[in-house]
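Chemist: For the sequence shown, the working numbering gives the first residue as 2, with consecutive numbering after it.
One structure, pasted below without further comment.
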Amino acid sequence: ALIMGFISKSAGDALSGSSSFRQVLEKLGSRGTGPEAYLSFAFLIVATLLALIAAGQVSAARSEEAEGRLDHLLVRPLSRWGWLVGRVSVPAVVILICAVTAGVFAWLGAASQDAGVGFARLFEAGMNLVPPALLVIGIGTLVEGVWPRAASIAAYGLVAWSFLVDLIGGIINANHWLLDTSVFHQLSGAPAVAPDWTSAGAMLALGLGAGVLGAVVFERRDLSSA
């Protein structure tokens with residue numbers, strides 16, 4: 002994020018003359034030119050990295066169950082609910098910290114080059130990255146509860162599918178029903194545009210609902226090995 006901020010002014014100036022780049026940004030939900038336009042595109046990469054952290058933690062939780070390590074924990078005074086909530090809460094906090102850090106360090110880099118992008122806008126852009134990653138955790142937890150062997154595939158598959166669809170949507174005029182299946186397409190192009198907190202809230206609600214439902218099913222089913 003610091004490097005992104007460092008190069009935002011020069012990259013924005015270089016890309017501002019490219020009409021094709023502006024068209025890609027518009028399809029990705031952004032607009033304008035200059036450092037903010039470049040950073041809105043760069044933050045999409047950060048969003049993908051955070052979603053991969055989420056998918057990795059879903060896969061790690063599944064591995065604990067599949068390899069029998071979870072059995073040794075649950076024979077102690079530890080409830081399934083308590084284990085799963087702890088297992089999900091830690092990566093959620095890590096994702097939040099990483100998102101805030103990305104926004105702050107991108108601002109530090111941009112400010113050092115007088116890029117003209119304010120702290121508030123980049124802080125919001127960082128927070129804008131949190132909902133898709135938490136939605137991945139929620140859906141992964143749901144699949145972990147319902148069909149544990151598919152949890153890792155579902156989490157990584159959702160991230161890969163979302164990135165691919167968003168990438169295609171930035172190149173061609175894809176159908177909006179297809180684009181809406183991408184968790185990244187629900188992001189606004191911050192900091193070039195203001196975050197869409199309504200869409201962010203909907204993703205958070207879906208992630209929380211999926212996670213709670215997955216925890217309820219996990220509490221009732223048998224443990225499943227690999």
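Beta carbons are placed, not taken as given, at the ideal position from N, Cα and C, and that holds for glycine.
Grab the span of the alpha helix (DSSP H) containing I173 for me, first residue to last.
Modeler: Looking up residue 173 in the sequence shown gives position 172. First-last for I173: undefined, no H or E at that position.
Chemist: Tell me the rounded alpha-carbon separation between R70 and R77.
Modeler: As a position in the sequence shown, residue 70 is number 69, starting the count at 1. As a position in the sequence shown, residue 77 is number 76, starting the count at 1. Spanning the two alpha carbons is a distance of roughly 12 Å.
Chemist: Under DSSP, the alpha helix (DSSP H) around P149 begins and ends at which residues?
Modeler: As a working mapping, residue 149 is identified with position 148 in the sequence shown. Counting along the chain, P149 falls outside any alpha helix (DSSP H), and DSSP gives it neither H nor E.
Chemist: Roughly how many angstroms separate the alpha carbons of A2 and I154, rounded to a whole number?
Modeler: Within the sequence shown, the letter at position 1 stands for residue 2. Within the sequence shown, the letter at position 153 stands for residue 154. The straight-line gap from Cα to Cα measures roughly 29 Å.
Chemist: Can you tell me which of the three DSSP states D14 falls into?
Modeler: In the sequence shown, counting from the first residue as 1, residue 14 sits at position 13. Helix.
Chemist: Determine the DSSP secondary structure at D197, reduced to helix, strand or coil.
Modeler: Position 196 of the sequence shown, counted from the first residue, corresponds to residue 197. Residue state, collapsed to three classes: coil.
Chemist: Give the straight-line distance between the Cα atoms of A156 and A62, rounded to the nearest whole angstrom.
Modeler: To locate residue 156, count along the sequence shown from 1; it is residue 155. To locate residue 62, count along the sequence shown from 1; it is residue 61. Each residue's Cα considered, the two are about 12 Å apart.
Chemist: In the DSSP assignment, find the unbroken alpha helix (DSSP H) run with D72 in it and report its ends.
Modeler: The residue you call residue 72 lines up with position 71 of the sequence shown. Here the alpha helix (DSSP H) through D72 covers R70 to L75.
Chemist: By Cβ distance, which residues of its chain are closer than 8 Å to V101, with the 5 residues on each side in sequence left out?
Modeler: Residue 101 sits at position 100 when you count from the first residue of the sequence shown. For V101, where only same-chain residues beyond five positions count, the Cβ hits under 8 Å are F124, G127 and M128.
Chemist: Restricting to Cα atoms, I'd like to know which of A206, I138, W198 and A191 is closest to S41.
Modeler: Taking the first residue of the sequence shown as position 1, residue 41 is located at position 40. Closest option to S41, Cα to Cα, is A191.
Chemist: For S189, count the other beta carbons within 10 Å of its own beta carbon; 16 or more makes it buried, fewer makes it exposed. Which is it?
Modeler: Taking the first residue of the sequence shown as 1, we reach residue 189 at position 188. Buried.
Chemist: Beta-carbon within less than 7 Å of L97's beta-carbon, same chain only, minus the 5 sequence neighbours each way: which residues are those?
Modeler: Mapped onto the sequence shown, residue 97 falls at position 96. Excluding residues within five positions, the ones whose Cβ falls inside 7 Å are V131.
Chemist: Could you check how far apart the C-beta atoms of A93 and L135 are, in whole angstroms? I think they sit under 8 Å.
Modeler: Taking the sequence shown and counting its residues from 1, the one referred to as residue 93 is at position 92. Taking the sequence shown and counting its residues from 1, the one referred to as residue 135 is at position 134. With a Cβ gap of about 6 Å, A93 and L135 count as contacting.
Chemist: Could you give the residue range of the alpha helix (DSSP H) that holds R81?
Modeler: Position 80 of the sequence shown, counted from the start, is the residue given in the question as residue 81. Here the alpha helix (DSSP H) through R81 covers R81 to S113.
Chemist: Taking C-beta to C-beta, are L143 and V166 nearer than 8 Å?
Modeler: Walking along the sequence shown from the start, residue 143 turns up at place 142. Walking along the sequence shown from the start, residue 166 turns up at place 165. Contact flag unset, no.
Chemist: For E220, count the other beta carbons within 10 Å of its own beta carbon; 16 or more makes it buried, fewer makes it exposed. Which is it?
Modeler: To locate residue 220, count along the sequence shown from 1; it is residue 219. E220 should be labelled exposed.
Chemist: Which one of G212, S226 and S225 has the shortest CA to CA distance from R88?
Modeler: Along the sequence shown, read from residue 1 onward, the residue named residue 88 stands at position 87. The candidate whose alpha carbon is nearest that of R88 is G212.
Chemist: Indicate whether A43 and M5 have their beta-carbon atoms separated by less than 8 Å.
Modeler: As a working note, residue 43 is residue 42 in the sequence shown. As a working note, residue 5 is residue 4 in the sequence shown. Yes; because the gap between Cβ atoms is below 8 Å, this pair is in contact.
Chemist: Just to confirm before moving on: does the CB-CB distance between L74 and W82 stay below 8 Å?
Modeler: For the purposes of this step, residue 74 is taken as the residue at position 73 of the sequence shown. For the purposes of this step, residue 82 is taken as the residue at position 81 of the sequence shown. No, the Cβ-Cβ distance between L74 and W82 is not below 8 Å.
Chemist: For G202, is the classification buried or exposed, using 16 other Cβ atoms within 10 angstroms of its Cβ as the cut-off for buried?
Modeler: In the sequence shown, counting from the first residue as 1, residue 202 sits at position 201. So G202 ends up on the exposed side.
Chemist: Tell me the DSSP secondary structure of L50 in three-state form.
Modeler: For this step, residue 50 is matched to residue 49 along the sequence shown. Correct three-state label for L50: helix.
Chemist: Quick one: give me the first and last residue of the alpha helix (DSSP H) that A121 is part of.
Modeler: As a working note, residue 121 is residue 120 in the sequence shown. Counting along the chain, the alpha helix (DSSP H) containing A121 begins and ends at F120 to M128.
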